[in-house]
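S.K.: Once you've had a glance at the structure underneath, I'll fire off some questions.
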Amino acid sequence: MTWHRRDVLTAAATVTGASLLSPRPSWSQSAARVVVIGGGYGGAAAARYLKRWGGKKVNVTLVERNKQFISCPLSNLVLGGSKTLADLTRSYERLAKTPVRMVHDEARAIDPVKRTVKLASGATLSYDRLVVPPGIEFMWEEVPGMANAAAQERILHAWKAGPQTLALRKQLEAMPDGGVYALSIPVAPYRCPPGPYERACQVASYFKQAKPRAKVLVLDANDKIVSKTALFDKVFQDMYGGIIEYRPNSRLTDVDVATRTAKLEVEDVRADVLNVVPPQRAADIAQQAGLITANKRWCEVNWLSMESKAQPHIHVLGDATLAAPMMPKSGHMANQHAKLAAAAILNILSGQEPNPTPVAVNTCYSFVDATQVIHIATVHQYNADKKLLETVQGSGGVSKEPNVQEGKYALSWAQNIWADTLG
Amino acid sequence: MRVAAWVVTFSACLTVGQALAADPNLGRNLAATCANCHGTDGKVVGQELVRLAGMPANQMRGKLSEFKEGTRQVTIMHQIVKGFTDEQLQLIVDYFARQR
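Listed in order, the protein sequences are those of chains A and B.
In terms of UniProt numbering, the first sequence opens at residue 1 and continues consecutively.
In terms of UniProt numbering, the second sequence opens at residue 1 and continues consecutively.
Structure (structure tokens):
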């Protein structure tokens, strides 16, 4: 079914429920309906680019539970103390003016046959194409002691920026000098591969100034540092020797909440502040819609269009996808997925094939203190034989060493990707 | 003999080229991969990076060549530019030159 052949009567995004009855005059009654579930780096960019590139051909509705966008990238700087959460918070107002219809609600169920999305408020949205960047959910069953709300308030993940970020900063501030902050890292893949190591640096940077006798203990389930390995290894020794202790092959099996003890396969480690980044999978809405196809965790997609391999007409973006080799679960990459999907969806709705030669680029900057940064960059081109986005041999790489110039670029990156994503 | 071989190779390329007919919006799509750092359509926010929107094609082409050949010292672009073919870079350059 193409957008121009559809029945005019069913063409406008079908919305029931009083709170959603705010039709925009610019909406075309014959336009295709695209619904996007989730307004993070992937979803907001997809909504914006669908409308920028599709114009009147497409009506775009973005469902997002939060009233404001809070960036996960840079949120480790809130722990280090050089940024506040307000610095990382942006409004959806400009995106709404694109115009994208913003619906602040939560998607509860997708019906891939009827092509509808049921919302928490009871309203139902109909779609021709659905974009689902569901983000991640934590696999609490892997850390049974944390599978309740009280435990999750005492032992924080702070792996979704927001209240948990602020709460972890407060725990660090309250920790006595001479205390131990322990950070548990799950087996890769997880959201933001260099993120845990950046976090260790940020907390160590704070301790260096405020609590010189305190320690950072990195309990890594992986056998070595997952991203920017040699650079972080050197930073841990040169900048934070005597503060950061790095322990590979330290998989967490459970926690004792009362004593803030990390139970590893080989030993128990008590901490004054225990910060657990749990194992992750695609979020619940992906599970409900039957989009999870790999290891009961991730969603497989066709890399020409980001369309689900399991459910036609549904495009999955971002951290929830079963990544192509060397492709990180990052906000930057989710933005690139979004543009790839937006271009493909608009082609499909016009009766054309998706672009056969898509390209995606990734850059992740990590702050090793308040001003110095190290980067990793990759470029991914579509390989038609393997049906994958593959890194290009000889391209990409990392910084030579931590430097202030890239610290400025990293902050500039944030301003530009936020503007590119949200308008 | 040599001419015949060239013709065969050329025809093969042509067949592949036709099978993978370029997307009419390829330049737009490729340029969009730059926007995360360089701003939507090259309209950069802030003072750290140069504005790509409206940059003359020969000027940008020259800079990218220097990055690719390693004759210009930079932090990251020499690594990213090597991930694109010369044809793709030309489409990107042309797209940004058209932006105002």
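Beta carbons are placed, not taken as given, at the ideal position from N, Cα and C, and that holds for glycine.
Because the structure is a prediction, the values reported are computed rather than measured.
#1: Closer than 8 Å by C-beta to K63 of chain B: which residues in its own chain qualify, once you throw out the five before and the five after it? Chain order, please.
#2: Under the assumption that I225 of chain A contacts D233 of chain A (Cβ atoms under 8 Å), give the Cβ distance between them as a whole number of angstroms.
#3: Enumerated in chain order, which unbroken segments of the beta strand (DSSP E) with a length of 3 residues or greater are wholly contained in the region 339-371 of chain A?
#4: Name the one or two DSSP bridge partners that E307 of chain A has.
#5: Below 8 Å between beta carbons: does that hold for F96 of chain B and L49 of chain B?
#6: Can you tell me which of A:C364, A:L88, A:A334 puts its alpha carbon nearest to the alpha carbon of A161 of chain A?
#7: What is the DSSP secondary structure of F232 of chain A, reduced to helix, strand or coil?
#8: Which residue's Cα is closest to the Cα of R52 of chain A: A:R90, A:K296, A:K408, A:V100?
#9: Consider the C-beta atom of S91 of chain A and the heavy atoms of the ligand ZN; say whether any pair is separated by less than 7 Å.
#10: Run the CB neighbour count on A182 of chain A, radius 10 Å, all protein chains shown included, and call it buried at 16 or more, exposed below.
#11: Please state whether DSSP places L52 of chain B in a helix, a strand or coil.
#12: Does Y92 of chain A come out as helix, strand or coil in the three-state DSSP assignment?
#13: In the DSSP assignment, find the unbroken alpha helix (DSSP H) run with T391 of chain A in it and report its ends.
#14: Could you tell me whether the Cβ atoms of P358 of chain A and Y382 of chain A are closer together than 8 Å?
#15: Would the region 257-273 of chain A count as touching the region 396-409 of chain A if we require 3 or more Cβ pairs under 8 Å?
#16: Exposed or buried, G40 of chain A, counting other C-beta atoms within 10 Å across all chains shown (16 or more means buried)?
#17: What's the C-alpha gap between H380 of chain A and E64 of chain A?
#18: In chain order, which beta strand (DSSP E) runs of at least 3 residues are fully inside the region 208-260 of chain A?
#19: Express the C-alpha separation of S308 of chain A and P23 of chain A in angstroms, rounding to a whole number.
#20: Grouping DSSP H, G and I as helix and E and B as strand, with all else coil, what is F96 of chain B?
#21: Is the beta carbon of G38 of chain A less than 8 Å from the beta carbon of P134 of chain A?
#22: Between which residues of its own chain and I92 of chain B is the CB-CB distance below 6 Å, once the five residues before and five after are set aside?
#23: Assign K408 of chain A to one of three DSSP states: helix, strand, or coil.
#24: Between D86 of chain B and chain A, is there a C-beta pair that is closer than 8 Å?
#25: With the cut-off set at 8 Å, would you say Q336 of chain A and V361 of chain A are in Cβ contact?
#26: Which bits of chain B does E44 of chain A rub up against, with CB to CB less than 7 Å?
#27: In whole angstroms, give me the CA-to-CA distance for P248 of chain A and F236 of chain A.
#28: Check whether the region 317-324 of chain A and the region 363-377 of chain A are in contact - that is, three or more C-beta pairs closer than 8 Å.
#29: Is G83 of chain B close to chain A? Criterion is C-beta to C-beta, closer than 8 Å.
#30: Taking the straight line between their C-alpha atoms, what separation do you get for Q164 of chain A and A158 of chain A?
#31: How far does the beta strand (DSSP E) with E267 of chain A in it extend, from its first residue to its last?
#32: Beta strand (DSSP E) containing K67 of chain A: first to last residue?
#33: Kindly give me the distance between the Cβ atoms of A414 of chain A and S71 of chain A, rounded to whole angstroms, as I take these residues to be in contact under 8 Å.
#34: Tell me, please, whether the CB atom of T75 of chain B is closer than 8 Å to any CB atom in chain A?
#35: F84 of chain B by DSSP, collapsed to three states: which one?
#36: With burial defined as no fewer than 16 other Cβ atoms inside 10 Å of the residue's Cβ, what is the status of G394 of chain A: buried or exposed?
M.R.: With the given structure in hand:
#1: R72
#2: About 6 Å separates the two Cβ atoms, so the contact holds.
#3: 359-367
#4: In DSSP, E307 of chain A forms a bridge with A:N302, A:H315.
#5: no
#6: Residue nearest to A161 of chain A within the set A:C364, A:L88, A:A334 is A:L88 (criterion: CA-CA distance).
#7: Helix at F232 of chain A.
#8: A:V100
#9: What this structure holds is no ligand at all, so the ligand ZN is not there to describe.
#10: buried
#11: coil
#12: coil
#13: Careful: T391 of chain A lies outside any alpha helix (DSSP H), inside the beta strand (DSSP E) at 388-391.
#14: yes
#15: Output reads no: the region 396-409 of chain A does not touch the region 257-273 of chain A.
#16: buried
#17: 29 Å
#18: 215-220, 244-247, 252-256
#19: Low confidence applies to P23 of chain A: its pLDDT is 43, below 50, so where it sits in the model is not reliable, and the reading given next is rough at best. Between P23 of chain A and S308 of chain A, the alpha-carbon positions lie close to 30 Å from each other.
#20: helix
#21: yes
#22: L30, A31
#23: helix
#24: no
#25: yes
#26: In the sequence on display, residue 44 of chain A carries Ala and not Glu. Here the premise fails: no neighbours, minimum Cβ distance about 13 Å.
#27: Rounded to the nearest angstrom, the gap between the Cα atoms of P248 of chain A and F236 of chain A is 13 Å.
#28: The region 317-324 of chain A and the region 363-377 of chain A do not touch, with fewer than 3 CB-CB distances between them shorter than 8 Å.
#29: For G83 of chain B, the answer is yes, since a Cβ of chain A falls inside 8 Å of its Cβ.
#30: 5 Å
#31: Note, E267 of chain A: premise wrong, no beta strand (DSSP E); not H, not E.
#32: K67 of chain A -> no beta strand (DSSP E), and no H or E assigned at all.
#33: 7 Å
#34: yes
#35: Three-state result, F84 of chain B: coil.
#36: Here G394 of chain A is exposed, its C-beta having fewer than 16 other C-beta atoms within 10 Å.
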